[in-house]
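Have a look at the structure below, then the notes.
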Amino acid sequence: MHNMFDVLTIKEVKITIGGWCKQLRKEANMSQQELADELAMSRITISNLENGDNCTLDTLLKVLQYYDQMQGLYQFINQKSEVTDSLY
Numbered sequence: 015m016h017n018m019f020d021v022l023t024i025k026e027v028k029i030t031i032g033g034w035c036k037q038l039r040k041e042a043n044m045s046q047q048e049l050a051d052e053l054a055m056s057r058i059t060i061s062n063l064e065n066g067d068n069c070t071l072d073t074l075l076k077v078l079q080y081y082d083q084m085q086g087l088y089q090f091i092n093q094k095s096e097v098t099d100s101l102y
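In the working numbering, the protein residues as written are 15 to 102.
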């Protein structure tokens, strides 16, 4: 059972993920427009992702792939899956 204070809202998670993507972009010294151009997306799409607004899973995965972060995400998901599997 979760403590009520431990539960994050979907919006909080989206904002955290967006912040991570923004950090990756800034570390690469890129503007939103430059990243959008690289990924054949609009700047608004990148802005929405970074702000936690109306982002698709495809957009998130394309950004993570561009910054070579897919392996880390995949490992995190598999680690959580193994923990869940061990409970049964």
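From the three backbone atoms N, C-alpha and C, an ideal C-beta is built for every residue, glycine too.
Just so it is clear, the structure is predicted and the values come from calculations on it, not from any experiment.
Under 8 Å between C-beta atoms of residue i and residue j
i: glycine 86; j: glycine 32; result: no
i: leucine 38; j: tyrosine 88; result: no
i: methionine 84; j: threonine 73; result: no
Nearest residue (CA-CA) to residue i, options the options
i: lysine 40; options: Glu64, Phe90, Asn68, Cys69; result: Glu64
i: valine 77; options: Arg57, Phe90, Glu96, Ser95; result: Arg57
i: lysine 36; options: Thr59, Ile24, Thr23; result: Thr59
i: isoleucine 24; options: Ala42, Leu53, Cys69, Phe90; result: Cys69
i: leucine 53; options: Lys94, Leu71, Gln79; result: Gln79
Take every Cβ of the region 23 to 33, pair it with every Cβ of the region 41 to 49, and state whether three or more of those distances are shorter than 8 Å.
No, because fewer than three Cβ pairs between the region 23 to 33 and the region 41 to 49 fall closer than 8 Å, the two stretches do not touch.
List, from N- to C-terminal side, the alpha helix (DSSP H) runs of 4 residues or more that fit wholly inside the region 46 to 93.
Within the region 46 to 93, the alpha helix (DSSP H) runs of at least 4 residues that lie entirely inside it are, in chain order, 46 to 53, 57 to 65, 71 to 80.
Sequence ranges, alpha helix (DSSP H) only - wholly within the region 22 to 49, length at least 4:
For the region 22 to 49, whole alpha helix (DSSP H) runs of length 4 or above, ordered along the chain, are 24 to 41.
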